[in-house]
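First comes the structure, then the notes that go with it.
Shown next, in the form of structure tokens:
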């Protein structure tokens, strides 16, 4: 009985993570699908190209960047 309860709890946690990932949007370029998400501020995320740009240039990518119009 306890094992079944633990399995159900893990199942709902996994489903919650999947749903949360599907709702994510890059704070900078607004893409919704990427290979990896990076947390930015408290409840915001950056896609991988925006995160890499921010790390190397210490600022967010400018508007009209080539990745910003395409899905990553």
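Numbering (mature numbering (1 follows the signal peptide of the UniProt record, and there is no 0)), first residue to last: -19 to -1, 1 to 53. Glycine included, each C-beta is placed from N, C-alpha and C at the ideal position.
Check: How should residue 34 be labelled, buried or exposed, when 16 other C-beta atoms within 10 angstroms of its C-beta is the threshold for buried?
Finding: Buried, by the Cβ-count rule.
Notebook entry, point to check: If you drop the 5 nearest sequence neighbours on each side, which residues of the same chain put their C-beta closer than 6 Å to that of residue 6?
Noted result: Answer for residue 6: 13, listed in chain order.
Next item on the list: To the nearest angstrom, report how far apart residue 9 and residue 41 are at their CA atoms.
Entry: Linking residue 9 to residue 41 through their CA atoms gives a straight-line distance of about 7 Å.
Notebook entry, point to check: Near residue 19, which residues of its chain fall below 6 Å by C-beta distance, leaving aside the five closest residues on each side in sequence?
Noted result: These residues qualify, in order along the chain: 27, 32.
Next item on the list: Run through the region 19 to 50 for me and flag every whole beta strand (DSSP E) of 3 or more residues, listed as ranges in chain order.
Entry: Entirely contained in the region 19 to 50, the beta strand (DSSP E) runs reaching 3 residues are, in chain order, 25 to 28.
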